[in-house]
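Below you'll find the structure, written out as structure tokens, and then a few comments.
In our numbering, the protein residues as written are 85 to 312.
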């Protein structure tokens, strides 16, 4: 029984653990933060300077690091919009009272968001975390503008060093449907790799057999290659 005027806790489906976790985190953030937005005096020099640093970091990350490596624009909208929303929310909440625990709670809320209709690769999800972190750091960083810019620069440099063939050779993965089951035998692994190289034009150096369908006569192969 719930008293008149009380807010009844929402119910979740048995398998909807992500939704329940998000709701729990939002309640925790709300209980430790004054969820008030002060719009008066928002367009200050501090706000515009931090926003400029944030946008510059995002342009470098998405346009000059992510895009040259993966050659796709599927998540440009997602990366930029996520970053902007995080920056604006955290900055406005920081104008009132925002504890470190509340900021981390908001970071966790947005980090747990995912698309139900499409599987995001681990690397794309990692870039999404970096996008969120850049917005969070730029919005509430206590240092000077130059210190915040340097910190963002260090993050971007570390991302590029790890994913841009500087420290570790960047390895890509592609799922391929293959119709020559004979080549999938362990003794024919070299012939399989060479055949896939010729048909795909990719510099494939390793393959994993994911699934063999004897009825339809094809194989699902996970091919590992280095971008040229």
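No residue lacks a Cβ here, since even glycine has one placed at the ideal position from N, Cα and C.
- Message: Classify residue 215: buried if its beta carbon has 16 or more other beta carbons within 10 angstroms, exposed otherwise.
- Response: buried
- Message: According to DSSP, is residue 298 part of a helix, a strand, or is it coil?
- Response: coil
- Message: Comparing C-alpha positions only, which one of 311, 213, 161 sits nearest to residue 284?
- Response: 311
- Message: What does the alpha-carbon distance come out to for the pair residue 230 and residue 173?
- Response: So the alpha carbons of these two residues sit roughly 22 Å apart.
- Message: Closest to residue 210 by C-alpha separation, out of 264, 146, 282, 168, would be which residue?
- Response: 146
- Message: For residue 293 and residue 134, what's the separation of their Cα atoms in angstroms?
- Response: 49 Å
- Among 257, 260, 142, which residue has its Cα nearest to the Cα of residue 164? Looking at the Cα atoms, 142 is the closest of the given residues.
- Task: Could you tell me whether the segment 273 to 287 touches the segment 216 to 229, where touching means 3 or more Cβ pairs closer than 8 Å?
- Result: Verdict: no, contact absent.
- So what does residue 259 bridge to, in DSSP terms? 306
- Going straight from the alpha carbon of residue 176 to that of residue 130, what length do you get? 12 Å
- Message: Would you call the segment 243 to 257 in contact with the segment 270 to 280, where contact means no fewer than 3 C-beta pairs closer than 8 Å?
- Response: no
- Message: I need the straight-line Cα distance from residue 117 to residue 263, nearest angstrom please.
- Response: In this prediction, residue 117 has a pLDDT of 48, which is less than 50 and means its spatial position is unreliable; what the coordinates show is noted afterwards. Cα to Cα, the separation comes out at about 58 Å.
- Inspect the beta-carbon positions of residue 137 and residue 241 and report whether they are closer than 8 Å. no
- Environment of residue 245 [buried if 16+ CB atoms lie within 10 Å]: exposed
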